[in-house]
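Presented below is the structure to which this report refers.
There are 2 protein chains.
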Amino acid sequence: LWDDAPRWSGWGPPGAAARTLPPTAAPLLRGLGVDPDDVRPPVALEEVALAPPRLDAAVRDRLARVAPVFDDRPARVLHAAGKSYLDLLRLRAGRGDPAPDAVVVPRDAGAVAAVLAACVDTGVAVVPFGGGTSVVGGVEPLAGDLGGVVALDLGGSSGLRAVDERSLVATLGAGTRGPAAERALAERGLTLGHFPQSWEYATVGGMVATRSAGQASTGYGRIDELVRGATLVAPAGVLALPTEPPNAAGPDLRQVVAGSEGVLGVITEATLSVRPRPEVRRYEGFAFPSFAEGVEALRAIEQEHAAPDVARLSDEAETAVNAAIAGSEMQGCLAIAGWEGGEEDVPRRRAATAAVLARHGAGEQGEGPGAAWERDRYDGPYVRDALLDHGILAETLETATTWTGLHALHDAVGAALRAALEPWGTPPVVLCHVSHLYGVGASLYFTVVARQADDPEGQWRAAKAAATEAIVAASATITHHHAIGRDHAAYLEAEVGPTGIALLRAMKAELDPAGVLNPGKLLP
Amino acid sequence: LWDDAPRWSGWGPPGAAARTLPPTAAPLLRGLGVDPDDVRPPVALEEVALAPPRLDAAVRDRLARVAPVFDDRPARVLHAAGKSYLDLLRLRAGRGDPAPDAVVVPRDAGAVAAVLAACVDTGVAVVPFGGGTSVVGGVEPLAGDLGGVVALDLGGSSGLRAVDERSLVATLGAGTRGPAAERALAERGLTLGHFPQSWEYATVGGMVATRSAGQASTGYGRIDELVRGATLVAPAGVLALPTEPPNAAGPDLRQVVAGSEGVLGVITEATLSVRPRPEVRRYEGFAFPSFAEGVEALRAIEQEHAAPDVARLSDEAETAVNAAIAGSEMQGCLAIAGWEGGEEDVPRRRAATAAVLARHGAGEQGEGPGAAWERDRYDGPYVRDALLDHGILAETLETATTWTGLHALHDAVGAALRAALEPWGTPPVVLCHVSHLYGVGASLYFTVVARQADDPEGQWRAAKAAATEAIVAASATITHHHAIGRDHAAYLEAEVGPTGIALLRAMKAELDPAGVLNPGKLLP
Numbered sequence: 003l004w005d006d007a008p009r010w011s012g013w014g015p016p017g018a019a020a021r022t023l024p025p026t027a028a029p030l031l032r033g034l035g036v037d038p039d040d041v042r043p044p045v046a047l048e049e050v051a052l053a054p055p056r057l058d059a060a061v062r063d064r065l066a067r068v069a070p071v072f073d074d075r076p077a078r079v080l081h082a083a084g085k086s087y088l089d090l091l092r093l094r095a096g097r098g099d100p101a102p103d104a105v106v107v108p109r110d111a112g113a114v115a116a117v118l119a120a121c122v123d124t125g126v127a128v129v130p131f132g133g134g135t136s137v138v139g140g141v142e143p144l145a146g147d148l149g150g151v152v153a154l155d156l157g158g159s160s161g162l163r164a165v166d167e168r169s170l171v172a173t174l175g176a177g178t179r180g181p182a183a184e185r186a187l188a189e190r191g192l193t194l195g196h197f198p199q200s201w202e203y204a205t206v207g208g209m210v211a212t213r214s215a216g217q218a219s220t221g222y223g224r225i226d227e228l229v230r231g232a233t234l235v236a237p238a239g240v241l242a243l244p245t246e247p248p249n250a251a252g253p254d255l256r257q258v259v260a261g262s263e264g265v266l267g268v269i270t271e272a273t274l275s276v277r278p279r280p281e282v283r284r285y286e287g288f289a290f291p292s293f294a295e296g297v298e299a300l301r302a303i304e305q306e307h308a309a310p311d312v313a314r315l316s317d318e319a320e321t322a323v324n325a326a327i328a329g330s331e332m333q334g335c336l337a338i339a340g341w342e343g344g345e346e347d348v349p350r351r352r353a354a355t356a357a358v359l360a361r362h363g364a365g366e367q368g369e370g371p372g373a374a375w376e377r378d379r380y381d382g383p384y385v386r387d388a389l390l391d392h393g394i395l396a397e398t399l400e401t402a403t404t405w406t407g408l409h410a411l412h413d414a415v416g417a418a419l420r421a422a423l424e425p426w427g428t429p430p431v432v433l434c435h436v437s438h439l440y441g442v443g444a445s446l447y448f449t450v451v452a453r454q455a456d457d458p459e460g461q462w463r464a465a466k467a468a469a470t471e472a473i474v475a476a477s478a479t480i481t482h483h484h485a486i487g488r489d490h491a492a493y494l495e496a497e498v499g500p501t502g503i504a505l506l507r508a509m510k511a512e513l514d515p516a517g518v519l520n521p522g523k524l525l526p
Numbered sequence: 003l004w005d006d007a008p009r010w011s012g013w014g015p016p017g018a019a020a021r022t023l024p025p026t027a028a029p030l031l032r033g034l035g036v037d038p039d040d041v042r043p044p045v046a047l048e049e050v051a052l053a054p055p056r057l058d059a060a061v062r063d064r065l066a067r068v069a070p071v072f073d074d075r076p077a078r079v080l081h082a083a084g085k086s087y088l089d090l091l092r093l094r095a096g097r098g099d100p101a102p103d104a105v106v107v108p109r110d111a112g113a114v115a116a117v118l119a120a121c122v123d124t125g126v127a128v129v130p131f132g133g134g135t136s137v138v139g140g141v142e143p144l145a146g147d148l149g150g151v152v153a154l155d156l157g158g159s160s161g162l163r164a165v166d167e168r169s170l171v172a173t174l175g176a177g178t179r180g181p182a183a184e185r186a187l188a189e190r191g192l193t194l195g196h197f198p199q200s201w202e203y204a205t206v207g208g209m210v211a212t213r214s215a216g217q218a219s220t221g222y223g224r225i226d227e228l229v230r231g232a233t234l235v236a237p238a239g240v241l242a243l244p245t246e247p248p249n250a251a252g253p254d255l256r257q258v259v260a261g262s263e264g265v266l267g268v269i270t271e272a273t274l275s276v277r278p279r280p281e282v283r284r285y286e287g288f289a290f291p292s293f294a295e296g297v298e299a300l301r302a303i304e305q306e307h308a309a310p311d312v313a314r315l316s317d318e319a320e321t322a323v324n325a326a327i328a329g330s331e332m333q334g335c336l337a338i339a340g341w342e343g344g345e346e347d348v349p350r351r352r353a354a355t356a357a358v359l360a361r362h363g364a365g366e367q368g369e370g371p372g373a374a375w376e377r378d379r380y381d382g383p384y385v386r387d388a389l390l391d392h393g394i395l396a397e398t399l400e401t402a403t404t405w406t407g408l409h410a411l412h413d414a415v416g417a418a419l420r421a422a423l424e425p426w427g428t429p430p431v432v433l434c435h436v437s438h439l440y441g442v443g444a445s446l447y448f449t450v451v452a453r454q455a456d457d458p459e460g461q462w463r464a465a466k467a468a469a470t471e472a473i474v475a476a477s478a479t480i481t482h483h484h485a486i487g488r489d490h491a492a493y494l495e496a497e498v499g500p501t502g503i504a505l506l507r508a509m510k511a512e513l514d515p516a517g518v519l520n521p522g523k524l525l526p
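In the order they appear, the protein sequences are chains A and B. Here the first sequence is numbered in the numbering used here, starting from 3 and rising by one per residue. Here the second sequence is numbered in the numbering used here, starting from 3 and rising by one per residue.
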């Protein structure tokens with residue numbers, strides 16, 4: 003049943019060997035104060051401590067009448083956490099709790115509604131579970147003040163359900179993972195074009211619920227821009243939004259479903275804009291003397307409507323570290339630009355982008371860096387597992403702000419992370435890249451690595467709090483594409499204000515009056 | 003105070019002479035069974051029947067302590083209706099009621115909040131009033147079950163408040179009309195690029211509240227796509243959404259403010275994406291043998307990313323009527339394509355569009371039709387006034403659907419209008435054009451003209467109901483850019499379902515628990 007799920011302790015298929023770091027990473031490890039030969043793998047599944055399931059037999063039977071129920075160790079541990087650094091620290095150390103008391107796998111929207119009704123009746127919390135790839139605690143099985151918690155796995159609601167090729171929209175079951183969606187669409191000559199780093203395991207429903215952005219979203223659009231229709235099953239009823247162009251029929255409820263994070267309901271399917279599969283994909287490197295000059299160049303390509311589909315710019319630190327791991331050296335900053343489309347279209351658009359970049363001092367680096375980026379584009383979570391094997395703190399965080407605020411934000415978050423980790427005696431390496439472009443601004447994606455302290459959770463919580471406070475102080479968004487989950491919930495009010503929180507709570511109270519859906523997430 | 007407002011009885015400045023129809027329109031009038039020499043102007047302002055204001059002195063004083071209050075005849079009549087056909091029928095015939103009991107003009111967001119508090123305390127309904135250009139009854143001064151109603155005119159909250167030129171965003175007071183916004187932005191070399199047909203009088207707040215689309219929104223984006231920040235003052239509190247790029251911080255409350263139609267709160271300012279003012283504007287005509295072929299061509303330019311900024315395609319009837327009024331003849335269908343931008347950019351983009359159109363059988367008509375469109379682009383409401391002077395039913399309605407559904411929708415709405423007006427003995431002329439392109443589909447904009455029946459209101463209500471029911475039956479949206487207002491409220495549930503309505507009602511109850519804001523609008 004969980005054949006296409008990642009291993010419980012990290013990333014990649016359960017049976018495969020753990021990824022190891024290349025020898026070129028050894029100096030980085032030593033620089034952090036880590037011995038490259040000291041390897042600490044996760045405990046075995048059998049060693050994970052798990053409290054017994056709390057559901058009594060009547061509740062379990064009630065659930066089993068509407069959907070298959072699993073409460074074996076592999077199912078519970080697989081659904082016990084997402085894939086954040088804190089999640090992995092916990093599971094790798096064998097701390098399984100909180101784990102769901104059971105995992106239910108309803109086969110369709112009707113069964114989802116029946117599961118919700120059963121949970122309302124029996125006072126059990128429900129955590130909607132798609133790919134389980136949340137890095138913000140979005141799938142942590144918290145029971146809130148209820149007597150138990152189940153993970154509602156959307157694996158039963160997957161697959162390509164309908165395609166309208168003239169209108170370029172496809173309806174996909176919420177549980178459809180990225181590769182399955184692309185395979186099914188490819189048979190029709192189509193692509194969703196949505197490739198978050200978690201793509202191998204992320205599901206369509208999870209993407210919509212978290213407003214995800216893919217690596218090519220500068221071109222294809224964020225998932226919230228692609229949503230044309232959706233079905234959200236809530237305890238109070240089903241919100242079925244038809245497939246329509248943008249319109250003026252009141253507030254856009256699609257944009258309430260997008261970002262609802264399993265707190266307002268369970269997304270069971272979504273109708274998304276798709277595109278013809280590109281005939282050509284071309285990714286290239288461009289070098290800039292400095293991050294500041296690179297940012298100006300990215301601003302120009304976006305605001306002059308010459309942006310590629312993929313656009314990223316590493317800061318000096320990320321550029322240097324990536325080069326070192328690749329066994330080379332590089333000064334300044336490396337940008338990757340990528341174009342996807344027709345055979346005539348791509349060269350034309352590439353020329354438009356390159357002309358603007360050249361005007362801003364870019365040096366063309368050719369397709370070599372592009373090929374390297376493409377090869378490694380989904381590697382982050384594997385590398386993190388390997389870093390954790392070496393006792394290293396390795397986590398990412400992200401934000402977005404206006405072009406005007408971008409430099410101050412970059413500096414403030416980096417400074418906050420360094421200052422927060424200094425007292426722990428674990429000076430970090432902080433890497434950053436711009437990953438998505440908008441007319442108004444761009445996102446910043448930070449990677450933090452440091453030696454783990456004796457209290458690694460406290461260490462990271464301190465660093466994360468400092469970074470988030472710096473983000474809030476800069477009036478930037480607390481999350482560009484990772485979502486709110488558990489980890490950012492306390493900060494949402496800083497972003498949308500008390501009236502925004504009250505409005506979200508009113509939506510929650512209407513759709514989930516008993517409060518069974520995903521307690522402790524999204525709302526403070 | 004109302005210097006820049008349109009005349010109470012229609013469109014254009016109060017002092018100017020009424021627009022007349024060109025002699026070429028006479029055959030059209032005769033074809034409808036109308037005598038071109040029979041002219042019926044509106045009554046004089048002094049003849050408009052008005053019930054006395056219902057606010058007692060204590061309530062009026064309470065309001066006057068927080069904002070200027072007007073209850074003179076000109077102020078009340080000017081705020082007694084929007085600019086729909088039914089609105090104009092009523093006012094032109096001298097039926098002023100319902101009129102607001104008073105018009106209040108708070109000077110800033112704080113005063114707006116104080117007005118709302120006073121209205122809650124005294125049980126008076128509040129109709130937020132921007133440009134007053136609603137064509138769906140959005141500003142009808144309905145008191146609901148309250149004892150009085152005031153129009154809250156946003157004229158006190160106007161002007162360009164801030165510009166971030168690096169991030170291309172501008173903050174505008176809600177009461178800023180289209181021309182004032184463009185003038186202020188032009189001084190900074192910028193444009194909002196948002197030009198609905200109502201642009202001369204429409205306000206920024208009204209545009210956002212109704213999710214308006216401008217004539218160039220295929221290129222610049224709908225107003226809801228341009229909103230990066232907004233302030234919504236509600237009785238329960240102020241929702242102040244900061245200026246941010248798209249993000250993943252929960253449901254997008256900007257898209258709840260957009261489309262809130264004065265029912266959830268009063269938009270007092272908005273921060274909108276702007277662009278550098280175009281150096282070049284180029285509009286051209288393209289001819290197609292049929293509407294079907296033209297639609298295919300528009301689909302191709304949009305889905306192949308070769309769309310212009312302005313894209314419209316008249317059906318055979320609209321093409322023929324427009325040609326006749328211009329004193330010429332034309333078979334088939336005329337499309338207008340327009341590009342705005344830099345001197346290098348426009349020819350390049352124009353070539354890309356033209357190449358795709360040519361592949362789909364377009365015949366180039368040059369800049370003549372483009373110039374004619376540009377000259378007349380805001381003329382619709384003036385022409386309607388002239389048609390009403392001739393005792394003609396003249397109204398528009400609009401919808402949008404997928405490319406797959408577009409032809410059936412076009413035919414069904416036209417057939418419904420003809421069938422509904424046939425029993426009145428007033429066969430209509432129904433004109434239609436595609437006005438906005440999306441990957442998933444496009445909008446259809448219908449113009450209906452017919453001889454007025456003895457019961458012109460009943461006549462139009464029957465036709466409008468038939469058209470809307472055809473739209474609902476086709477699963478198309480009940481409004482692409484006119485909004486819901488009073489006229490579409492009964493149909494919103496068909497579009498968003500009972501759970502969608504419940505969700506919107508929950509938002510309303512949270513933000514406006516006393517229900518003073520814009521009774522009878524948006525929600526059924």
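Glycine included, each C-beta is placed from N, C-alpha and C at the ideal position.
Sequence-distant partners of Val-451/A (beyond 5 residues in either direction) whose C-beta falls short of 7 Å from its own C-beta, in its chain, are Leu-34, Leu-389, Ile-394, Leu-395, Ala-396, Pro-430 and Val-431. For a Cβ distance threshold of 7 Å, residue set Pro-253, Asp-254 and Gln-257 of chain A lies close to Gln-257/B, ordered along the chain.
The CB of Arg-230/B comes closer than 7 Å to the CB of Val-442 in chain A, given here in chain order. In this model, Leu-91/A and Trp-462/A are separated by some 11 Å (Cα to Cα). With fewer than 16 other Cβ atoms from the protein chains shown falling within 10 Å of its own Cβ, Val-41/A counts as exposed. In this structure, Thr-479/B is the residue among Thr-178/B, Glu-184/B, Leu-315/B and Thr-479/B with its C-alpha nearest to the C-alpha of Gly-407/B.
Contact note: Thr-135/B does not reach chain A at a C-beta cutoff of 7 Å; the least C-beta distance is about 14 Å.
CA-CA distance, Gly-231/B to Ala-176/A, rounds to 31 Å. From the beta-carbon of Gln-305/A, the residues of chain B found nearer than 7 Å are Leu-170.
Considered as a whole, the region 47-129 of chain A harbours 104-106 as its complete beta strand (DSSP E) runs of no fewer than 3 residues, in chain order.
In the DSSP assignment, Thr-355/B falls within the unbroken alpha helix (DSSP H) covering 347-361.
Thr-212, Arg-213, Ser-214, Ala-215, Arg-224 and Asp-226: these are the residues of the region 206-226 of chain A whose beta carbon lies less than 8 Å from some beta carbon of chain B, given in chain order.
Bridge pairing for Asp-5/B: absent [DSSP]. Between Ala-308/B and Ala-238/A the beta-carbon gap is near 45 Å, outside 8 Å, which marks them as no contact. Counting only runs of 3 or more residues that sit fully inside the region 252-319 of chain A, the beta strand (DSSP E) segments are 268-275, 282-290 and 312-316, in chain order. Counting only the Cα atoms, Thr-124/A lies some 11 Å from Asp-63/A.
Within the region 418-441 of chain A, the residues whose Cβ lies closer than 7 Å to any Cβ of chain B are, in chain order, Tyr-440 and Gly-441.
Sequence-ordered contacts of the region 494-509 of chain A with chain B read Leu-494, Glu-497, Val-498, Gly-499, Pro-500, Thr-501, Gly-502, Ala-504, Leu-505, Leu-506, Ala-508 and Met-509 [C-beta pairs closer than 7 Å]. Just so you know, the alpha carbons of Ala-66/A and Leu-419/B end up roughly 53 Å apart.
By the rule that beta-carbons nearer than 7 Å mark a contact, Trp-405/A touches chain B. Per DSSP, Ala-188/A lies in no beta strand (DSSP E) segment; the continuous alpha helix (DSSP H) that holds it begins and ends at 180-188. Residue state for Ile-338/A is assigned as strand, using DSSP reduced to three classes.
For Ile-473/A, the secondary structure class from DSSP, reduced to helix, strand or coil, is helix. The way I'd put it, the region 474-491 of chain A does touch the region 210-222 of chain A; three or more beta-carbon pairs between them come closer than 8 Å. Excluding five sequence positions before and after Glu-459/B, the CB atoms of its chain that fall closer than 7 Å to its own CB belong to Leu-88 and Leu-91, given in chain order. The count of Cβ pairs closer than 8 Å, one atom from the region 186-193 of chain A and one from the region 146-166 of chain A, reaches three, so the stretches are in contact.
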